[in-house]
Amino acid sequence: MRFTLAVTAGLVFAGVTAAPASADAPEGAYWRVETTITMTHPRPVGSGYHLTQRRVSTEWLSPEGRSWHGFRELGARPATPKDEAAWRADGSPTTWAYRTEGMKIRLSTEPGKGSVTQAEGQPAGFRLGEKYVTYQQLQSLPTDAGVLRKQLSAEVDAWIDEAAEEAKTTSPNSRKDDWLVNRDRYVAQRAIELLYANPVPEKVRAAAYQVLKTTKGVVDLGRAKDPLGRSGRKLALPVPSNRDSVLKQAFLVDAKTSTLLAMYTDLKDGGKQMLGKSGVQTYEVGWTNDKPAVPGAR
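Count along the sequence shown from 1, add 2, and you get the number used in my numbering.
Printed below as a string of structure tokens:
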């Protein structure tokens with residue numbers, strides 16, 4: 003039996019190439035999902051240069067269904083060499099502030115203090131689509147890609163029926179076809195959730211990866227590396243049908259472990275890129291025994 007493990011700060015990241023002895027047995031006290039978000043701030047500052055913002059969001063899920071959330075701003079920096087030159091010409095400020103829509107926006111090169119809180123006011127369990135399930139129910143998900151596709155498709159169809167009916171209460175002219183045209187994208191998104199969000203067995207992740215790869219409209223962009231230097235297979239989702247904007251999303255997956263590594267988002271409205279809504283997110287997931295704490299600065 004051969005294992006490939008990467009251990010950082012007590013977190014055993016996805017990278018196991020063989021199934022655990024028991025699919026039902028948690029391998030730690032918490033399933034941890036750490037998401038680092040990198041995007042260009044939507045408004046220019048100083049003499050007109052742009053900043054890149056980074057922030058980290060972390061979720062801890064216990065096998066009993068309790069959850070904690072951590073968050074920390076990681077600081078801003080000039081987005082491009084051209085922006086850096088303008089920033090230096092402005093005297094290399096370390097803070098920025100302005101008002102927009104009645105709000106005071108503050109930016110800094112220094113990381114924020116961050117926070118960590120236990121989730122309250124939500125059902126105990128693991129969010130799976132529109133419902134909450136137990137740890138044991140996660141372990142019982144289909145490991146056959148065909149069976150899993152049927153289940154995910156049925157869940158999407160039920161959601162479309164409900165969403166389309168609800169939409170009529172505020173938009174009488176809305177049609178079910180408005181959702182059905184994006185059905186394949188919704189199925190692919192359900193499969194992606196199984197690649198990182200919850201502690202499902204490795205065979206379930208492998209089945210979900212097969213569902214994702216073979217969903218109509220998903221395009222294989224070949225091998226690529228994420229901002230952390232990790233290699234994977236980059237897959238593009240179908241572009242949703244929308245007259246006003248164009249949303250392109252691609253996902254980098256470790257094909258050996260069927261684990262999500264990164265998500266790339268490119269949103270354009272009228273041909274103009276929507277800064278603040280486009281960018282890249284990297285994911286580091288796995289079991290840990292470390293208690294929930296404020297995410298570290300890096």
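Think of the CB as a built atom: it goes at the ideal place given N, C-alpha and C, for glycine as much as any other residue.
Can you tell me whether G148 is helix, strand or coil according to DSSP? Here residue 148 is taken as the residue at index 146 of the sequence shown, counted from 1. Here G148 sits in helix by DSSP.
By the three-class DSSP mapping on this structure, what secondary structure does K80 have? For this step, residue 80 is matched to residue 78 along the sequence shown. The amino acid occupying residue 80 in the given sequence is Pro; Lys does not appear at that position. Of the three classes helix, strand and coil, the one that applies to P80 here is strand, per DSSP.
Could you say if the segment 111-118 and the segment 288-300 meet the contact criterion of at least three C-beta pairs nearer than 8 Å? yes
Assign K227 to one of two classes, buried (16 or more other C-beta atoms within 10 Å of its C-beta) or exposed (fewer than that). Taking the sequence shown and counting its residues from 1, one reaches residue 227 at position 225. K227 is exposed by the Cβ-count criterion.
Whether A209 touches A156 by CB criterion (8 Å): Here residue 209 refers to the residue found at position 207 of the sequence shown. Here residue 156 refers to the residue found at position 154 of the sequence shown. When the beta-carbon positions are compared, A209 and A156 stay at least 8 Å from each other.
Coarse secondary structure for L154, derived from DSSP in three states: Within the sequence shown, residue 154 is the residue found at index 152, counting from 1. Note: L154 maps to helix in three-state DSSP.
Within its chain, find whatever has a CB closer than 6 Å to the CB of S280; leave out the 5 residues flanking it on each side and keep chain order. Within the sequence shown, the letter at position 278 stands for residue 280. Contacts found: T267, D268, L269.
Just reading off the alpha helix (DSSP H) that A193 is part of, what are its end residues? The count along the sequence shown starts at 1 and reaches residue 193 at position 191. Its alpha helix (DSSP H) spans residues 185-195.
Spatial distance of N291 from A87 (CA atoms): Along the sequence shown, read from residue 1 onward, the residue named residue 291 stands at position 289. Along the sequence shown, read from residue 1 onward, the residue named residue 87 stands at position 85. Computed Cα separation, rounded: 44 Å.
Identity of the residue in A169, Q55, L277 nearest P109 by Cα: In the sequence shown, the residue the question calls residue 109 occupies position 107. According to the sequence provided, residue 109 is Leu. The question's Pro does not apply to it. The residue from A169, Q55, L277 with its alpha-carbon nearest to that of L109 is Q55.
Beta-carbon within less than 8 Å of S24's beta-carbon, same chain only, minus the 5 sequence neighbours each way: which residues are those? Sequence index remark: in the sequence shown, residue 24 carries index 22 (1-based). For S24, the pLDDT reaches just 41, beneath the cut-off of 50, and the residue's location in the model is therefore unreliable, although a value from the coordinates is still provided. Answer for S24: no residue qualifies.
Give the single residue among S260, Y285, K250 whose Cα lies nearest to the Cα of D271. Position 269 of the sequence shown, counting from 1, holds the residue named residue 271. It is K250.
For N175 and G77, the rounded distance between their alpha carbons: The residue you call residue 77 lines up with position 75 of the sequence shown. The residue you call residue 175 lines up with position 173 of the sequence shown. Near 45 Å, if we compare the C-alpha coordinates of N175 and G77.
Cβ separation of G50 and W89, assumed to be a contact under 8 Å, to the nearest whole Å: Translated into positions along the sequence shown, residue 50 becomes position 48. Translated into positions along the sequence shown, residue 89 becomes position 87. Incorrect: roughly 10 Å between the Cβ atoms, too far for contact.
Buried or exposed, going by whether 16 or more other CB atoms sit within 10 Å of the CB of Y211? Residue mapping note: residue 211 aligns to position 209 of the sequence shown, counting from 1. Per the 10 Å Cβ criterion, buried.
Going by DSSP in three states, A23 sits in which element: helix, strand or coil? Position 21 of the sequence shown, counted from the first residue, corresponds to residue 23. Low confidence applies to A23: its pLDDT is 35, below 50, so where it sits in the model is not reliable, and the reading given next is rough at best. A23: coil per DSSP, three-state reduction.
So within the segment 79-118, which uninterrupted beta strand (DSSP E) runs reach at least 3 residues, ignoring any that extend past its ends? 97-102, 105-110
Identified DSSP bridge partners for E66: On the sequence shown, residue 66 is found 64 positions in, with the first residue counted as 1. Note: E66 sits in no beta bridge, so no partner.
Please state if the CB of I162 and the CB of V129 are separated by a distance shorter than 8 Å. For this step, residue 129 is matched to residue 127 along the sequence shown. For this step, residue 162 is matched to residue 160 along the sequence shown. Before going on, a small fix: residue 129 reads as Arg here, not Val. Contact: no.
Identify whether Q164 lies in helix, strand or coil by the three-state DSSP scheme. Start at 1 with the first residue of the sequence shown, and residue 164 comes out as number 162. The sequence shown places Glu at residue 164, not Gln. DSSP, read as helix, strand or coil, puts E164 in helix.
On the DSSP letters alone, give me the boundaries of the alpha helix (DSSP H) that D179 sits inside. The count along the sequence shown starts at 1 and reaches residue 179 at position 177. Residues 179-182.
In whole angstroms, give me the CA-to-CA distance for R74 and A166. Working through the sequence shown from its first residue, we reach residue 74 at position 72. Working through the sequence shown from its first residue, we reach residue 166 at position 164. Between R74 and A166, the C-alpha separation is close to 37 Å.
Residue range of the unbroken beta strand (DSSP E) whose run includes L230: Here residue 230 is taken as the residue at index 228 of the sequence shown, counted from 1. Taken as a continuous stretch (DSSP letters only), L230 belongs to no beta strand (DSSP E), as it is neither H nor E.
Does the Cβ of P201 have 16 or more other Cβ atoms within 10 Å, making it buried, or fewer, making it exposed? For the purposes of this step, residue 201 is taken as residue 199 along the sequence shown, with counting starting at 1. Buried, because 16 or more other Cβ atoms sit within 10 Å of the Cβ of P201.
Using a threshold of 8 Å, state whether the C-beta atoms of K215 and L237 are closer than that. Counting from 1 along the sequence shown, the entry for residue 215 is found at position 213. Counting from 1 along the sequence shown, the entry for residue 237 is found at position 235. Result yes, Cβ atoms of K215 and L237 sit closer than 8 Å.
Which first and last residues belong to the alpha helix (DSSP H) in which K215 is found? Position 213 of the sequence shown, counted from the first residue, corresponds to residue 215. 204-215 is the extent of the alpha helix (DSSP H) around K215.
Tell me whether the segment 181-200 and the segment 240-255 touch, counting them as touching only if at least three CB pairs, one residue from each stretch, are closer than 8 Å. yes
Note down, in chain order, each residue of its chain lying with its Cβ closer than 6 Å to the Cβ of G123, except the 5 sequence neighbours on either side. Indexing the sequence shown from 1 puts residue 123 at position 121. Same-chain partners within the cutoff: there are none.
Please list the terminal residues of the continuous alpha helix (DSSP H) segment that includes Q251. Start at 1 with the first residue of the sequence shown, and residue 251 comes out as number 249. Careful: Q251 lies outside any alpha helix (DSSP H), inside the beta strand (DSSP E) at 247-256.
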